[in-house]
Amino acid sequence: MLQNPKLSEQRGVTGNHFFDFLSCTTRLWLSNKRINVGLDNEHIMIGNYIDEKTKPRSRKRLIIQGLCSIDYIEEKSGIEVHEVKKGRTPTEPHYFQLLFYMQIIYELTEKEPLGFLHLPQVRKVVKVIRDEKKVYDAYNEIVKVLSGPCPKPKLKPICVGCSFMEMCWA
Numbered sequence: 001m002l003q004n005p006k007l008s009e010q011r012g013v014t015g016n017h018f019f020d021f022l023s024c025t026t027r028l029w030l031s032n033k034r035i036n037v038g039l040d041n042e043h044i045m046i047g048n049y050i051d052e053k054t055k056p057r058s059r060k061r062l063i064i065q066g067l068c069s070i071d072y073i074e075e076k077s078g079i080e081v082h083e084v085k086k087g088r089t090p091t092e093p094h095y096f097q098l099l100f101y102m103q104i105i106y107e108l109t110e111k112e113p114l115g116f117l118h119l120p121q122v123r124k125v126v127k128v129i130r131d132e133k134k135v136y137d138a139y140n141e142i143v144k145v146l147s148g149p150c151p152k153p154k155l156k157p158i159c160v161g162c163s164f165m166e167m168c169w170a
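Below, the structure written as C-alpha cells:
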C-alpha cells in the first residue's frame, strides 16, 4: 500500500481535476479557482448529449459530493465502473479520470473494480485495470499545480474546443 492519504477521504481533488490535469494544467488551475467560461461550449453540450443517450435504462449514476460523478456503475461478476466519452479513441485524460474513479470505488468497497471507457460514436468499449501508483502520482502532481501560480498556457490540439480558449489566447 502506498503511503498516501486515501483519496476517498480527501475533498478538493475530483475526477474532473484528473481530466483537466492530463489535458492542460492551465485549464486545471483556472477550473479549480472556479473560473467558469464557455458553459454553452459546443463540445460540452455534445458530450452531455452522448452521455444522456448511452445506456439510459441500465444506468446507476454514482455521485459522491466533492469527489466524483461516475456515469454509471454495474454489478455483474464484480463492480464495474463505466465512463462515457465523446471521441473516436480513448485519451490519456479519459483514462486517468476513470482510474481515479476506480481508486475511489476500491477504497470505499475494498473490492477490485473493473473500468470501462465507452466511445459510442465508434461503438467501442475499452477495458481499464486499476493502477494505484499512477493515480497517486497524478494526484501529487495535481496538488503541486493547484498550490502554485497559474501555469502559462501551451498551445495544444485541445485548445480548439476548450472553453478557456479565448481567456488563454485572446
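Just so we're aligned, residue 1 is where the sequence shown starts under full-length UniProt numbering, counting upward by one. The C-beta atom is built at its ideal place from N, Cα and C for all residues, glycine as well. Fair warning: this is a prediction, and the values are worked out from it, not measured in the lab.
The beta carbons of L114 and G78 sit closer together than 8 angstroms. Relative to the Cα of F116, the nearest Cα in the group V84, S31, Q65, M167 belongs to V84. Under DSSP, L62 shares a beta bridge with I70.
Counting C-beta pairs with one atom in each stretch, the stretch 144-160 and the stretch 120-127 have fewer than three that are closer than 8 angstroms, which means they do not touch.
Shortest Cα-Cα distance from L67 to any of K127, L108, C24, K156 involves L108. For V84, the uninterrupted beta strand (DSSP E) run begins and ends at 79-84, by DSSP. The Cβ atoms of I70 and E80 do not sit closer than 8 angstroms to each other. For F116, the three-state secondary structure derived from DSSP is strand. In this structure, DSSP gives K6 a state outside helix and strand, which the three-state scheme calls coil.
With respect to the C-alpha of L99, the residue from A138, L146, E110 having the closest C-alpha is A138. Note on G15: 16 or more other CB atoms within 10 angstroms of its CB, so buried under the neighbour-count rule.
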